[in-house]
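Taking mature numbering (1 follows the signal peptide of the UniProt record, and there is no 0), I'd label the letters of the sequence shown as residues -24 to -1, 1 to 176.
All C-beta atoms, glycine included, are put in the ideal place defined by N, C-alpha and C.
Here is the structure we will look at, set down as structure tokens.
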Amino acid sequence: MWPHRCHLLFIPLLLLLSAPQTAGKKKSPAAKPAVPTSGELNTKDGHSCTWEVAGTEGPVTLKLSCSAQGEEPGRAYECQFTGQPDLCPPYKDKATQYWKQVVGKLRKRNDACEGEKVLKTRLCKKGPAQSHMRLAERSGEEKTEAVAPTLMGKEAGEGEKEPLLEDMMMNDGNAGDAESVNFCADGSLQVCSFFAKFFG
């Protein structure tokens, strides 16, 4: 009888001892889902891009490096978006959803760095302006576009030099000589130049 009663006494004791442990486990906060910090995407025009998020709190930078495929092989471009998504209250618990929406917006573009300069997400649509990622820097195409006007300017400058040389010759006292050379290609240059000066 005694051993049986001892077993009955131990069961409630074991239940009491295990209760605080299970309660403690319930109180521990659930681990937050890992926020994506990098990935890949393809635009509507088939541009292949890699993206990377730098920073977790305060100002955050989204860096994009892309290369065009198909019709424009070899064309590469980069851009950066900056913002403070942590100013948007829902971002604290739904950061993963926020970045999925940002990447989704970039996928819908033909060129990942062209289009609206502000990437507004549904999650933070009503959030402050600083919480949205805004285009801060773009490189790639601009470099080639910036070189083109300077080359055109040089060509235009060279074209303008010719009238200046002609003006200098006309203002010089030897304009008649230049005309006589044009008219008198034969051996009788002196006689011809005399008539050119006389009738000029």
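- Assign residue 227 to one of two classes, buried (16 or more other C-beta atoms within 10 Å of its C-beta) or exposed (fewer than that). Residue 227 lies beyond the residue range present for the chain, which begins at -24 and ends at 176; the question has no answer from this structure.
- Can you tell me the Cα-Cα spacing of residue 183 and Ala112, whole angstroms? This structure gives no information on residue 183, because the portion of the chain shown stretches from -24 to 176.
- Query: Taking Glu54 as the reference, which of Trp75, Thr32, Thr37, Lys102 has the closest Cα?
  - Reply: The residue labelled residue 54 in the question sits at position 78 within the sequence shown. Proximity to Glu54 across Trp75, Thr32, Thr37, Lys102 peaks at Thr37, based on C-alpha coordinates.
- Query: Nearest to Ala88 by alpha carbon, out of Lys96, Ser41, Gln60, Arg98?
  - Reply: As a first step, residue 88 is located in the sequence shown; it is residue number 112 there, counting from the start. When each option's Cα is compared against that of Ala88, the closest is Ser41.
- Chain-order list of residues whose beta-carbon lies under 8 Å from that of Leu63 (same chain, five-residue window excluded): Counted from its first residue, the sequence shown places residue 63 at position 87. If we look at Leu63 and ignore the five residues flanking it on each side, its Cβ neighbours are Gly103, Pro104, Gln106, Ser107.
- Message: According to DSSP, is Lys119 part of a helix, a strand, or is it coil?
- Response: Here residue 119 refers to the residue found at position 143 when the sequence shown is read from its first residue. Only weak support exists for where Lys119 lies, its pLDDT of 40 falling under 50; the value from the coordinates is given anyway. The answer is helix: DSSP assigns Lys119 an H, G or I state.
- Proximity to Pro12 [Cα-Cα], best of Thr19, Thr32, Asp21, Gly22: Mapped onto the sequence shown, residue 12 falls at position 36. For the residues Thr19, Thr32, Asp21, Gly22, the minimum Cα distance to Pro12 belongs to Thr32.
- Would you verify that the beta carbon of Thr58 is, or is not, closer than 7 Å to some beta carbon of chain B? Absent from the structure is chain B; it holds one protein chain and no more.
- Are there 16 or more other CB atoms within 10 angstroms of the CB of Ala44, so buried, or fewer, so exposed? Counting from 1 along the sequence shown, the entry for residue 44 is found at position 68. Result: buried.
- Message: I need the straight-line Cα distance from Lys84 to Gln73, nearest angstrom please.
- Response: What you label residue 84 is simply residue 108 of the sequence shown in a count that begins at 1. What you label residue 73 is simply residue 97 of the sequence shown in a count that begins at 1. If you take the alpha carbons of Lys84 and Gln73, they lie about 17 Å apart.
- Query: CB-CB under 7 Å to Gln60, same chain, minus the five flanking residues each way: which ones, in chain order?
  - Reply: Numbered from 1 along the sequence shown, position 84 holds the residue referred to as residue 60. Closer than 7 Å at the Cβ level, and outside the excluded window around Gln60, lie Gly34, Pro35, Val36, Gln106, Ser107.
- Item | Euclidean distance between Cα positions of Leu17 and Val78 | By 1-based counting over the sequence shown, the position of residue 17 is 41. By 1-based counting over the sequence shown, the position of residue 78 is 102. Cα-Cα distance, rounded: 11 Å.
- Hey, Thr26 and Met109 are a contact pair by Cβ (cut 8 Å); roughly how many whole angstroms apart? What you label residue 26 is simply residue 50 of the sequence shown in a count that begins at 1. What you label residue 109 is simply residue 133 of the sequence shown in a count that begins at 1. In fact, because the Cβ distance is near 16 Å, the residues do not count as touching under 8 Å.
- Message: Using the three-state DSSP reduction, which class does Arg83 fall into: helix, strand or coil?
- Response: Looking up residue 83 in the sequence shown gives position 107. Arg83 falls in the helix class under three-state DSSP.
- Task: Over the uninterrupted beta strand (DSSP E) stretch that includes Ala52, give me the two end residues.
- Result: Working through the sequence shown from its first residue, we reach residue 52 at position 76. 52 to 59 is the extent of the beta strand (DSSP E) around Ala52.
- For Ser41, the first and last residue of its enclosing beta strand (DSSP E): Position 65 of the sequence shown, counting from 1, holds the residue named residue 41. Note, Ser41: beta strand (DSSP E), 36 to 43.
- Pull up the distance between the alpha-carbon of Lys93 and that of Gly80, whole angstroms please. Walking along the sequence shown from the start, residue 93 turns up at place 117. Walking along the sequence shown from the start, residue 80 turns up at place 104. In a straight line, the C-alpha of Lys93 is about 15 Å away from that of Gly80.
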